[in-house]
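In this note's numbering, the protein residues as written are 82 to 529.
Built from N, CA and C at the ideal position, the CB exists for glycine as well.
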């Protein structure tokens, strides 16, 4: 006798005994017991065939019966389990099973519960289950008190055939029964989540579903600043940066040749200063490495039901959930670049004033803001730049007057324009090109 009874254990019974008699021997049901959820695991006198896959059948020597009534007959060797009636959401002790089973979900953790009990509660495996490779995901606490997810592989074939009960289950263990045709994706979670680590998930899993499997975020988490990285996007972004660097290099070379035509000494000095800034930006974009970050990830808005409003995971995806920063950053051409304590309602101009104001090299008109979610917008009506995953390139965007949010970064680029009275160098398209490059390089650095 197991489960929600006063004295679980082994009991001798007379022939043709019933469940009610066994319960009386155990001292009766506990207050949380559900008399309508009594299950019997029974040893079979003759094996039954369990289809593992096409043309392969294994012999099973045990079966699950139930729920059974109080007057159900008990046979020698039966294992009777009484489940609790406590609502699962009210219990802190649970285990879960998903994948190729008939009734996936969470179940109360019973004393001494093993994999076979959870599998039987789930109604057995489906016909396309891949029994030889099943995932057991277990939460472990390291020496520093951090919770990590540990994955191990178990073989369900001995459990299905009754030769083994499987591993002893612990609180919040998760069993994932793979399907024969399942493709798997590796997903890594870091930072302020309940169980950081590397997860192997079924193909088709969304980000929202994965976050629920992980157990959600800690109270200190800053979901608005979540950094989501994808390997395929990293390759595309690096290629785009390479093309930008080639165009910038050509532009700088043309302007260097034009410098010889400048007669005024003052114009020559101003032009050389502009060229030096351009060379610095060229070097920065040549050494910048894209991270593959996808901007605009809003974890709090992921739909629990509608997959079209969620993000489908790809193999190798990685997400980092930072701790709440409580600050904003002011970078670039300001007198005191760095971080400021965030206050509700603060705008870029106020933040820049608190950072000592603009330097002489600042381009005030082309100031832009990198939001905590990685998206890029501009202040007032000036042009900004953001990575468009559909077009797979950096594009110009527009935004109205901004109110800075926690985790945002204000970027003030250097002034790259030079238009002396007798020359028409560095036209608007050149300025736009340098601004896109400068923004791309900045975003690549901030994404790390």
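Bridge-paired residues (DSSP) for residue i
{"i": "residue 272", "result": "402"}
{"i": "residue 256", "result": "178, 217"}
{"i": "residue 283", "result": "265"}
{"i": "residue 162", "result": "83, 120"}
{"i": "residue 96", "result": "DSSP lists no partner for residue 96."}
{"i": "residue 420", "result": "410"}
{"i": "residue 486", "result": "Paired residue(s): none; residue 486 is not in a bridge."}
{"i": "residue 187", "result": "177"}
{"i": "residue 374", "result": "310"}
{"i": "residue 439", "result": "415"}
{"i": "residue 278", "result": "270"}
Beta-carbon proximity list for residue i, same chain, < 6 Å, skipping 5 on both sides
{"i": "residue 399", "result": "269, 310"}
{"i": "residue 83", "result": "89, 162"}
{"i": "residue 237", "result": "212, 215"}
{"i": "residue 234", "result": "214"}
{"i": "residue 240", "result": "196, 197, 247"}
{"i": "residue 207", "result": "181"}
Where residue i sits in the DSSP three-state scheme
{"i": "residue 229", "result": "strand"}
{"i": "residue 250", "result": "coil"}
{"i": "residue 304", "result": "helix"}
{"i": "residue 334", "result": "helix"}
{"i": "residue 491", "result": "strand"}
{"i": "residue 298", "result": "strand"}
{"i": "residue 360", "result": "helix"}
{"i": "residue 238", "result": "helix"}
{"i": "residue 347", "result": "helix"}
{"i": "residue 144", "result": "strand"}
{"i": "residue 289", "result": "helix"}
{"i": "residue 211", "result": "strand"}
{"i": "residue 194", "result": "coil"}
{"i": "residue 428", "result": "coil"}
{"i": "residue 115", "result": "strand"}
{"i": "residue 383", "result": "coil"}
{"i": "residue 394", "result": "coil"}
{"i": "residue 91", "result": "coil"}
Contact set for residue i: own chain, Cβ-Cβ below 8 Å, skip 5 residues either direction
{"i": "residue 333", "result": "356, 359, 360, 363"}
{"i": "residue 492", "result": "412, 413, 448, 449, 450, 451, 520, 523"}
{"i": "residue 86", "result": "104, 107, 108, 109, 110, 111, 114, 163"}
{"i": "residue 283", "result": "180, 257, 259, 260, 263, 264, 265, 266"}
Rounded straight-line distance, which links the Cα of residue j to that of residue i
{"i": "residue 60", "j": "residue 274", "result": "Coverage of the chain is limited to positions 82 through 529, which leaves residue 60 absent and any answer about it impossible."}
{"i": "residue 24", "j": "residue 401", "result": "Any property of residue 24 remains undetermined from this structure, which presents the chain solely from 82 to 529."}
{"i": "residue 243", "j": "residue 308", "result": "46 Å"}
{"i": "residue 352", "j": "residue 340", "result": "7 Å"}
{"i": "residue 201", "j": "residue 281", "result": "24 Å"}
{"i": "residue 428", "j": "residue 408", "result": "13 Å"}
{"i": "residue 267", "j": "residue 395", "result": "8 Å"}
{"i": "residue 271", "j": "residue 317", "result": "24 Å"}
{"i": "residue 147", "j": "residue 405", "result": "49 Å"}
{"i": "residue 217", "j": "residue 232", "result": "6 Å"}
{"i": "residue 297", "j": "residue 246", "result": "31 Å"}
{"i": "residue 439", "j": "residue 327", "result": "30 Å"}
{"i": "residue 74", "j": "residue 190", "result": "Summary: the structure shown does not reach residue 74, with the chain confined to residues 82 through 529, and so no result is reported for it."}
{"i": "residue 183", "j": "residue 145", "result": "14 Å"}
{"i": "residue 192", "j": "residue 151", "result": "22 Å"}
{"i": "residue 95", "j": "residue 158", "result": "12 Å"}
{"i": "residue 420", "j": "residue 430", "result": "15 Å"}
{"i": "residue 92", "j": "residue 99", "result": "13 Å"}
{"i": "residue 417", "j": "residue 441", "result": "13 Å"}
{"i": "residue 481", "j": "residue 489", "result": "Confidence at residue 481 is low in this model, with a pLDDT of 35, below 50, so its placement is unreliable and the value that follows should be read with caution. So the alpha carbons of these two residues sit roughly 16 Å apart."}
Selected residue, minimal CA-CA separation from residue i, among the options
{"i": "residue 285", "options": "392, 145, 114", "result": "392"}
{"i": "residue 456", "options": "114, 378, 407", "result": "378"}
{"i": "residue 549", "options": "433, 95, 209, 373", "result": "Nothing in the structure corresponds to residue 549, since the chain is present only between 82 and 529."}
{"i": "residue 321", "options": "350, 370, 486, 283", "result": "370"}
{"i": "residue 181", "options": "258, 248, 125", "result": "258"}
{"i": "residue 382", "options": "288, 220, 101", "result": "288"}
Close beta carbons around residue i, own chain, < 7 Å, minus the five adjacent residues each side
{"i": "residue 199", "result": "176, 178, 188, 250, 256"}
{"i": "residue 426", "result": "484"}
{"i": "residue 373", "result": "310, 311, 312, 314, 315, 318"}
Closer than 8 Å: residue i CB and nearest the ligand NAP heavy atom
{"i": "residue 94", "result": "This structure does not include the ligand NAP; it has no bound ligands of any sort."}
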